[in-house]
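What follows is a single structure, written as structure tokens, with notes after it.
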Amino acid sequence: MTAENSPHGEKSGLAATALAAMGVVFGDIGTSPLYTMKEVFGGHHPLPINADSVLGILSLVFWALTITVSLKYVLFITRADNKGEGGIMALTALALRTSNASPRLLWAISALGIFGAALFYGDAVITPAMSVLAAVEGMEVVAPVLEPYVLPITVAILVVLFVFQRHGTAAVGALFGPLMLFWFVCLGALGLWQVIQHPSVLLAINPWYALRFIFEHQGMAFVALGSVVLAITGGEALYADMGHFGRRSIKWAWFACVFPLLYLNYLGQGALILADPTAVENPFFLMAPSEILRIPLVLLATVATVIASQAVISGAFSLTSQAMQLGYCPRIRIKFTSEREKGQIYVPNINWLLLAAVIVVVLGFRSSSNLASAYGIAVTLTMMIDTILAFVVVRALWQWSWPRAALFLVFFVVVDFAFFSANVIKIFDGGWFPLALGLSVFILLSTWRLGRQLLYEKLAQDTIPLAAFIGSLELGGPHRVDGTGVFLTATPDGVPRALLHNLYHNKVLHERVVLLHVDVEDVPRVAEGERVHVEALPAGFYRVFVRYGFKDEADLPRAMELCAGHGLAFEMMETSFFLGRETIVTMPIAKRSRMGHWRQVLYTWMFRNADPATAFFKIPPNRVVELGAQVELS
Numbered sequence: 067m068t069a070e071n072s073p074h075g076e077k078s079g080l081a082a083t084a085l086a087a088m089g090v091v092f093g094d095i096g097t098s099p100l101y102t103m104k105e106v107f108g109g110h111h112p113l114p115i116n117a118d119s120v121l122g123i124l125s126l127v128f129w130a131l132t133i134t135v136s137l138k139y140v141l142f143i144t145r146a147d148n149k150g151e152g153g154i155m156a157l158t159a160l161a162l163r164t165s166n167a168s169p170r171l172l173w174a175i176s177a178l179g180i181f182g183a184a185l186f187y188g189d190a191v192i193t194p195a196m197s198v199l200a201a202v203e204g205m206e207v208v209a210p211v212l213e214p215y216v217l218p219i220t221v222a223i224l225v226v227l228f229v230f231q232r233h234g235t236a237a238v239g240a241l242f243g244p245l246m247l248f249w250f251v252c253l254g255a256l257g258l259w260q261v262i263q264h265p266s267v268l269l270a271i272n273p274w275y276a277l278r279f280i281f282e283h284q285g286m287a288f289v290a291l292g293s294v295v296l297a298i299t300g301g302e303a304l305y306a307d308m309g310h311f312g313r314r315s316i317k318w319a320w321f322a323c324v325f326p327l328l329y330l331n332y333l334g335q336g337a338l339i340l341a342d343p344t345a346v347e348n349p350f351f352l353m354a355p356s357e358i359l360r361i362p363l364v365l366l367a368t369v370a371t372v373i374a375s376q377a378v379i380s381g382a383f384s385l386t387s388q389a390m391q392l393g394y395c396p397r398i399r400i401k402f403t404s405e406r407e408k409g410q411i412y413v414p415n416i417n418w419l420l421l422a423a424v425i426v427v428v429l430g431f432r433s434s435s436n437l438a439s440a441y442g443i444a445v446t447l448t449m450m451i452d453t454i455l456a457f458v459v460v461r462a463l464w465q466w467s468w469p470r471a472a473l474f475l476v477f478f479v480v481v482d483f484a485f486f487s488a489n490v491i492k493i494f495d496g497g498w499f500p501l502a503l504g505l506s507v508f509i510l511l512s513t514w515r516l517g518r519q520l521l522y523e524k525l526a527q528d529t530i531p532l533a534a535f536i537g538s539l540e541l542g543g544p545h546r547v548d549g550t551g552v553f554l555t556a557t558p559d560g561v562p563r564a565l566l567h568n569l570y571h572n573k574v575l576h577e578r579v580v581l582l583h584v585d586v587e588d589v590p591r592v593a594e595g596e597r598v599h600v601e602a603l604p605a606g607f608y609r610v611f612v613r614y615g616f617k618d619e620a621d622l623p624r625a626m627e628l629c630a631g632h633g634l635a636f637e638m639m640e641t642s643f644f645l646g647r648e649t650i651v652t653m654p655i656a657k658r659s660r661m662g663h664w665r666q667v668l669y670t671w672m673f674r675n676a677d678p679a680t681a682f683f684k685i686p687p688n689r690v691v692e693l694g695a696q697v698e699l700s
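Our numbering puts the first residue of the sequence shown at 67, with every later residue one more than the last.
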């Protein structure tokens with residue numbers, strides 16, 4: 067038995083992976099103690115400070131973490147993986163495999179998935195702003211005279227964070243896990259110090275305190291849920307990051323370390339508030355037993371929030387890449403920042419847009435308490451969408467019975483809806499921002515998807531059948547020249563427009579003509595052995611099918627090298643790539659179309675600003691010929 071396969075080797079490998087997961091998966095939820103209890107008892111809708119309300123809130127926090135994070139995500143939804151990958155795009159891909167589903171149902175599932183993904187961008191803006199601002203506000207506890215410098219320092223930290231993105235996270239990634247482990251140990255130690263002095267708060271684990279608080283103070287409890295949800299923000303990241311670390315590592319890290327230490331800190335804050343109600347001003351930093359310890363605690367909290375922000379920013383990059391591969395987003399430039407890890411990418415356009423939005427949010431809301439009003443509604447809506455999509459998966463793919471699937475849906479949707487409805491009252495206090503941002507992204511993604519579908523349908527209508535075209539060449543055709551002509555095509559059974567334009571203008575065909583079709587599967591990755599399929603056709607024609615997963619890097623030159631094993635070798639210096647360059651013509655307002663005029667204008671703008679296929683597919687620019695055509699969407 068080798069060391070790697072021994073029980074000791076398996077345990078050490080699991081521990082190392084779980085430690086690494088702490089630096090990425092649990093950053094968001096791990097920084098929630100900075101603001102959750104502060105918002106419940108000192109925010110815009112503060113609760114009265116007494117034993118009933120403190121024990122009730124602590125009980126609600128415990129059972130929210132248990133039901134939503136532990137049961138729903140860690141133990142259940144992480145089982146719904148798409149070949150090891152998680153996240154709402156992977157869950158949507160699974161749900162779309164529903165057999166015998168009507169087109170309307172498939173459209174509804176797709177729309178839900180797109181909207182859930184769009185809401186993530188709202189979270190990617192709110193999380194860095196909220197977390198870093200809450201950490202830097204600890205300076206006010208250390209020295210109140212530093213209050214005017216909180217906003218400038220917050221903005222400066224965020225600018226450095228986003229500027230650093232172009233260098234990648236590989237250099238500091240190894241530090242994230244140990245630092246976050248130290249952070250969680252500090253959370254537990256601070257909480258334990260207060261719990262030892264006031265052990266009565268341990269009673270909050272009993273669900274009776276949560277139920278009594280809800281039934282005896284229905285109005286207050288409903289409002290309080292809008293702040294309690296801050297304790298579980300980041301729970302959905304457990305599923306989204308599963309592909310990096312695996313379900314087992316995430317489960318082990320959560321139950322063995324993160325959950326107990328996290329909740330111990332909440333208990334400590336509750337104990338402090340009961341002992342000293344004035345501590346509600348900032349209970350997290352006031353838990354430190356001496357003023358001297360608060361300075362390093364502020365620094366540690368700032369580092370932890372930067373790590374949490376890094377995780378959500380990287381998630382936005384990954385989601386953008388997946389959306390591009392699946393056809394929901396136009397091509398934009400992606401930079402791979404690591405030669406070993408494919409998942410480490412940098413998307414410049416998204417990075418600078420996020421930075422601009424984050425700075426606007428910080429300067430607009432100006433405090434973590436104000437930001438708490440905007441935080442939560444997008445997350446709770448995403449969690450509810452996850453539940454609905456998971457219901458489709460368990461019913462359609464896992465073949466659960468209707469009663470069993472309905473019980474799952476009702477149990478979790480009731481909890482999700484309770485949190486979401488409690489956050490609805492925040493809409494006019496700032497909750498409108500992540501919703502508006504998510505809706506804007508949803509419009510962009512859905513418009514691109516619809517426009518792309520209409521464009522392909524239009525091109526397919528005007529396409530000559532390939533078999534008939536090749537048959538006509540065998541009866542005598544144009545002059546053939548040396549070399550290979552590669553034509554990218556969306557319809558492998560038809561003749562590409564670029565080929566017809568080349569034939570019309572140049573009156574020649576290459577000795578070998580390759581029709582190359584790229585297909586993105588609804589799986590994360592496609593093995594290289596299954597990447598290409600080659601079909602030899604008459605008259606020197608070949609049809610090449612290239613398959614990618616939605617997390618694969620598109621690299622056509624590399625795919626063409628693999629064709630040699632299928633009897634089709636390429637000499638790049640003797641190969642020319644012919645690409646169609648369509649120009650979208652907006653239809654007049656009076657003319658009916660399946661796409662509204664305003665969406666046509668939006669799609670046209672997105673189409674013109676998309677990166678060229680040469681950059682996206684890594685095609686050598688000096689081997690490319692582009693042939694244009696005007697297309698009017700119907």
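Note that beta-carbon positions come from the ideal geometry of N, C-alpha and C, so glycine has one too.
Just so it is clear, the structure is predicted and the values come from calculations on it, not from any experiment.
**OP:** Could you check which residue in Phe250, Ile509, Asn272, Ile373 has the C-alpha nearest to that of Gln666?
**Re:** Ile509
Original post:
Going straight from the alpha carbon of Asn148 to that of Leu363, what length do you get?
Top reply: 40 angstroms
Original post:
If you draw a straight line from the alpha carbon of Pro396 to that of Gly497, how long is it in whole angstroms?
Top reply: 28 angstroms
Original post:
With 16 as the cutoff for other CB atoms within 10 Å, does Glu594 come out buried or exposed?
Top reply: exposed
**OP:** May I ask you to report which of helix, strand or coil DSSP gives Arg232?
**Re:** helix
**OP:** Classify Ile411 as helix, strand or coil using the three-state DSSP reduction.
**Re:** strand
Original post:
Considering only the beta carbon of each residue, do Leu582 and Thr555 sit closer than 8 angstroms?
Top reply: yes
Subject >> Touch test, the stretch 192-204 against the stretch 355-373, Cβ-Cβ under 8 angstroms, three pairs minimum >> reply: yes
**OP:** Helix, strand or coil for Asn331, going by three-state DSSP, please let me know.
**Re:** helix
Original post:
Does the stretch 319-339 touch the stretch 90-105, meaning 3 or more C-beta pairs lie closer than 8 angstroms?
Top reply: yes
Original post:
Are three or more beta carbon pairs between the stretch 180-195 and the stretch 416-427 nearer than 8 angstroms?
Top reply: yes
Original post:
Is it the case that the Cβ atoms of Thr513 and Gly560 are separated by a distance below 8 angstroms?
Top reply: no
Original post:
Buried or exposed: Arg563, going by 16 or more other Cβ atoms within 10 Å of its Cβ?
Top reply: buried
Original post:
Who does Glu151 pair with in a DSSP beta bridge?
Top reply: Asn148
Subject >> 8 angstroms Cβ cutoff met for Val460 and Trp466 >> reply: yes
Subject >> Ala635 (DSSP reduced to helix, strand or coil) >> reply: coil
Subject >> Backbone CA spacing between Ser487 and Leu520 [nearest angstrom] >> reply: 37 angstroms
Subject >> Cβ-based burial, Ala84 [other Cβ within 10 Å; buried from 16] >> reply: buried
Subject >> Endpoints, the alpha helix (DSSP H) within which His599 is located >> reply: Unbroken run through His599 is the beta strand (DSSP E), 598-602; no alpha helix (DSSP H).
Original post:
First and last residue of the alpha helix (DSSP H) that includes Glu302?
Top reply: First-last for Glu302: undefined, no H or E at that position.
**OP:** Determine the contact status of Val507 and Thr641, defining contact as a CB-CB distance below 8 angstroms.
**Re:** no
Original post:
Which residues in the same chain as Gln58 place their Cβ atom closer than 7 angstroms to its Cβ, once the five residues preceding and following it in sequence are excluded?
Top reply: Summary: the structure shown does not reach residue 58, with the chain confined to residues 67 through 700, and so no result is reported for it.
**OP:** With Val579 as the anchor, note down where its beta strand (DSSP E) starts and where it stops.
**Re:** 574-586
Subject >> Inter-residue spacing [alpha-carbon to alpha-carbon] between Thr371 and Ala87 >> reply: 16 angstroms
**OP:** May I ask you to list the residues that DSSP assigns as paired with Ile650?
**Re:** Val697
Subject >> Buried versus exposed call for Phe494 [16 or more other C-beta atoms within 10 Å across all chains shown] >> reply: exposed
**OP:** Classify Gly254 as buried or exposed, calling it buried when 16 or more other Cβ atoms lie within 10 Å of its own Cβ.
**Re:** buried
Original post:
Is Pro623 helix, strand or coil when you go by DSSP?
Top reply: helix
**OP:** Ignore the nearest five residues each way along the sequence and tell me which others in His471's own chain have a CB closer than 8 angstroms to its CB.
**Re:** The displayed chain sequence assigns Ala, not His, to residue 471. Taken in chain order, the residues that qualify are Phe457, Val460, Arg461.
Original post:
In terms of residue numbering, what span does the beta strand (DSSP E) encompassing Ala89 cover?
Top reply: Reading the sequence as shown, one finds Gly at residue 89 and not Ala. Element bounds for Gly89: n/a, residue is neither H nor E.
**OP:** Can you tell me which of the three DSSP states Thr448 falls into?
**Re:** helix
Original post:
With 16 other CB atoms within 10 Å as the buried threshold, where does Phe637 fall?
Top reply: Reading the sequence as shown, one finds Glu at residue 637 and not Phe. Classification for Glu637: exposed.
Original post:
Buried or exposed: which applies to Glu347, given that a residue is buried once 16 or more other Cβ atoms fall within 10 Å of its Cβ?
Top reply: exposed
Original post:
Rounded to the nearest angstrom, how far is the Cβ of Val584 from that of His632, given a contact under 8 angstroms?
Top reply: So it is not a contact: roughly 16 angstroms between Cβ atoms.
Subject >> Cβ-Cβ distance between Gly517 and Met661 below 8 angstroms >> reply: yes
**OP:** Starting from Thr102, trace the alpha helix (DSSP H) both ways and give me its first and last residue.
**Re:** 102-108
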